[in-house]
Every structure is written in C-alpha cells, then in structure tokens.
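The opening residue of the sequence shown carries number 1 in our numbering; numbering runs sequentially from there.
In what follows, a structure is listed as structure tokens, so that the remarks can point back to it.
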Amino acid sequence: EGKGALEHMIQTDAAINPGNSGGPLLDSSGRLIGINSAIFSPSGAYAGIGFAVPVDTVNRVVPQLIAKGKYIRPVLGIQIDEELNQLITRQAGLKGVVILRVSPGSPAAAAGLRGARIDPDGHIVPGDIITAVDGKPVEGVSRLLGRLDEHQVGDTVKLTVRRNGKDIEIPVTLNAGA
1 EGKGALEHMI QTDAAINPGN SGGPLLDSSG RLIGINSAIF SPSGAYAGIG
51 FAVPVDTVNR VVPQLIAKGK YIRPVLGIQI DEELNQLITR QAGLKGVVIL
101 RVSPGSPAAA AGLRGARIDP DGHIVPGDII TAVDGKPVEG VSRLLGRLDE
151 HQVGDTVKLT VRRNGKDIEI PVTLNAGA
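What follows is the structure, given as structure tokens:
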C-alpha cells in the first residue's frame, strides 16, 4: 500500500493552509461536509490538493469523544502487520490481509478465524486471508482498518476470507479495542 487511493477522506481543491486544519469544509449551499485535516505537499507549500475528514466520520467519532473522552475503535482481535502482509500477498499474487495470529477469547477466535502456523515439517502455513468486509474489497491493512472503522463496537460484520484456496464468509461481532 502507501500508493493509490486515499479512502475515508474527501479530496478538495479548497486552499488549506497552516492553521486551517480543524476548520469546516462546506459545500456550495453552506452545509458541513467535512473537517479540513491535511494537504498533499511534496514541498511543504500548498499544492492545490487538500483532504478533509467526512462529516459521517465526525458524527460517529465526536459523540464518543464528548461522552467518554476517547474514541473506541472496533476490532476483530487479530494480529496483522503491514510490511509482512505486503510481502506475503505480493509473493502469493493475492490481495487481502493475512491473519498472523488470533487473540484467544477475541471475536475472531469465537468466529473460528485462523492465524498462521508452522506445520510439522517446519514450514509456515499462512493464516486466513481477509479479502472483503461486508462485500467491500480489502486490499491491505489500512483498508481493513478503514472498513472496520465504518462500524461500531457490537456490530456484526461479514468477512470474506480465503482459506485453503476457497472463499468463505464468516460473521464476526466487533469488540472494543484497547
């Protein structure tokens, strides 16, 4: 990853300069559509491309911040790693997120998701590979985290998982992250 589309953000050509982050991004009717947060700037100066957090995300996160003082992310209870995932999926010619380990007692464990293991001959056997959440493709770790962030703790998501060369769907109820 690290290249390509930036999901869960609004791209804008509105001028966002130092000090504008946190300000409103409004549509032509004056409705709030996002909160300005970043610019694309190879040189450090404004280059005509800005990014804003969508109002839907703001509406999901802010009430938790007000009520609890923090945002609690929904999690599956799996161990994943961006760099290792890129290496494994590139070598295998796959897109998705390889589960390295499933935390005992987690929603992932309850759903029967499988982490990587070592076979009796000492070879690494990859774990389940998550390829979609609720039918939406997952190409890498950041995309998976974004897909989960569309939900709340207690929601049940349908994971499409590649296991032993076959795609299966597994429902998992999301838990509170640390």
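All C-beta atoms in this analysis are idealised placements derived from N, C-alpha and C, irrespective of residue type, glycine included.
Quick one: what does DSSP say residue i is sitting in, helix, strand or coil?
{"i": "G140", "result": "coil"}
{"i": "D149", "result": "helix"}
{"i": "R117", "result": "strand"}
{"i": "I78", "result": "strand"}
{"i": "N175", "result": "strand"}
{"i": "I170", "result": "strand"}
{"i": "A15", "result": "coil"}
{"i": "I72", "result": "coil"}
{"i": "I124", "result": "strand"}
Taking the beta strand (DSSP E) that residue i falls in, what are its first and last residues?
{"i": "K36", "result": "Before going further, note that residue 36 is Asn rather than Lys in the sequence given. Run containing N36: L32 to I39, per the beta strand (DSSP E) assignment."}
{"i": "R163", "result": "T156 to R163"}
{"i": "I130", "result": "I129 to V133"}
{"i": "I10", "result": "I10 to T12"}
{"i": "P24", "result": "P24 to L26"}
What are the start and end residues of the alpha helix (DSSP H) that includes residue i?
{"i": "I99", "result": "Unbroken run through I99: none, as it is neither H nor E."}
{"i": "D56", "result": "V55 to K68"}
{"i": "P107", "result": "P107 to A111"}
According to the neighbour-count rule (16 or more other Cβ atoms, all chains shown, within 10 Å of its Cβ), is residue i buried or exposed?
{"i": "T156", "result": "exposed"}
{"i": "V62", "result": "exposed"}
{"i": "P107", "result": "buried"}
{"i": "G48", "result": "exposed"}
{"i": "R90", "result": "exposed"}
{"i": "A188", "result": "This structure cannot speak to residue 188, because the chain is shown only from 1 to 178."}
{"i": "G104", "result": "The amino acid at residue 104 is misidentified as Gly; the sequence shows Pro. Classification for P104: exposed."}
{"i": "A52", "result": "buried"}
{"i": "R31", "result": "exposed"}
{"i": "I10", "result": "buried"}
{"i": "P18", "result": "exposed"}
{"i": "G2", "result": "Per-residue confidence for G2 stands at a pLDDT of 44, beneath the threshold of 50, marking its modelled position as unreliable; the derived number appears in the next sentence. Result: exposed."}
{"i": "N164", "result": "exposed"}
{"i": "P74", "result": "buried"}
{"i": "R117", "result": "exposed"}
{"i": "I16", "result": "buried"}
{"i": "N36", "result": "buried"}
So, does the CB of residue i fall closer than 8 Å to a CB anywhere in chain C?
{"i": "I66", "result": "Considering every chain present, this structure includes no chain C. It has just one protein chain."}
Item to complete: Examine the Cβ distances between the stretch 123-140 and the stretch 98-110 and report whether three or more of them are shorter than 8 Å.
Response: yes
Worksheet item: Does the stretch 64-79 touch the stretch 134-143, meaning 3 or more C-beta pairs lie closer than 8 Å?
Response: no
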